[in-house]
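Structure, as structure tokens:
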Amino acid sequence: MAAADLPCVMAIQAEAYAAADFAPEQPAVFRDRMALAPGLCLVACDAAGAVLGYLLSHPWVDAAPPALHSALGALPPAAVCWYLHDCAVASRAHGQGMAAVLYAQALAQARAQGLVRGALVAVDGAASYWQRLGYQVRDLGAGQSKLAAYGPGAAYMVRAFG
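Just so we're aligned, residue 1 is where the sequence shown starts under full-length UniProt numbering, counting upward by one.
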């Protein structure tokens with residue numbers, strides 16, 4: 001993902017989350033993640049180079065999902081977790097397997113960086129999709145309240161890499 005991709009990425013995000021119970025994130029959040037983890041922030045394009053999907057992720061710590069709409073500024077020095085912040089595909093590209101390709105490429109990069117497990121917050125009923133990829137819901141205990149910003153039914157999910 002590059003800065004020039006952001007207008008298309010923002011349009012895909014707006015389309016993907018049009019009915020969500022949370023506001024789309026601003027380009028500054030994407031620029032922050034891209035600066036911190038460029039190899040883990042990817043786009044999928046068609047043959048003409050048009051962006052059709054994206055995946056935004058970064059190294060992080062367990063059981064501490066970053067707040068929505070916030071820049072990280074820096075990565076934790078002891079990060080062993082791959083945090084998948086967001087993945088969306090334009091509706092015109094649904095059914096083409098782009099999300100799976102983006103996920104596989106980012107997962108390979110995360111493993112190559114020595115990250116040993118993945119984490120994400122599933123929103124809008126997406127938990128069943130992530131369960132098919134090996135993620136399991138994990139209670140955050142006192143930190144569970146952090147999920148409220150992600151909308152009703154948001155679930156923190158984790159997966160160990162085998």
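Beta carbons are placed, not taken as given, at the ideal position from N, Cα and C, and that holds for glycine.
Review point. Which residues in the same chain as residue 189 place their Cβ atom closer than 6 Å to its Cβ, once the five residues preceding and following it in sequence are excluded?
Key: In the structure as shown, the chain begins at 1 and stops at 162. Residue 189 is therefore absent and cannot be evaluated.
Check your understanding: Looking at R159 and Q136, is the spacing between their C-beta atoms short of 8 Å?
Key -> In the sequence shown, the residue the question calls residue 136 occupies position 136. In the sequence shown, the residue the question calls residue 159 occupies position 159. In this structure, Q136 lies near R159, with their beta-carbon atoms less than 8 Å apart.
**Study point:** Cross-strand partners of S145 (DSSP beta bridge)
**Key:** Counting from 1 along the sequence shown, the entry for residue 145 is found at position 145. Per DSSP, none; premise fails for S145.
Review point. What residue range is occupied by the uninterrupted beta strand (DSSP E) comprising R138?
Key: Taking the sequence shown and counting its residues from 1, the one referred to as residue 138 is at position 138. Unbroken run through R138: none, as it is neither H nor E.
Exercise for review: Would you mind working out which of K146, G162, P152 and F161 sits nearest A67, comparing C-alpha positions?
Suggested key: Residue mapping note: residue 67 aligns to position 67 of the sequence shown, counting from 1. A67 has its Cα closest to that of K146, out of K146, G162, P152 and F161.
Check your understanding: Would the beta-carbon of M1 fall within 8 Å of that of L36?
Key -> Working through the sequence shown from its first residue, we reach residue 1 at position 1. Working through the sequence shown from its first residue, we reach residue 36 at position 36. The answer is no: Cβ separation not under 8 Å.
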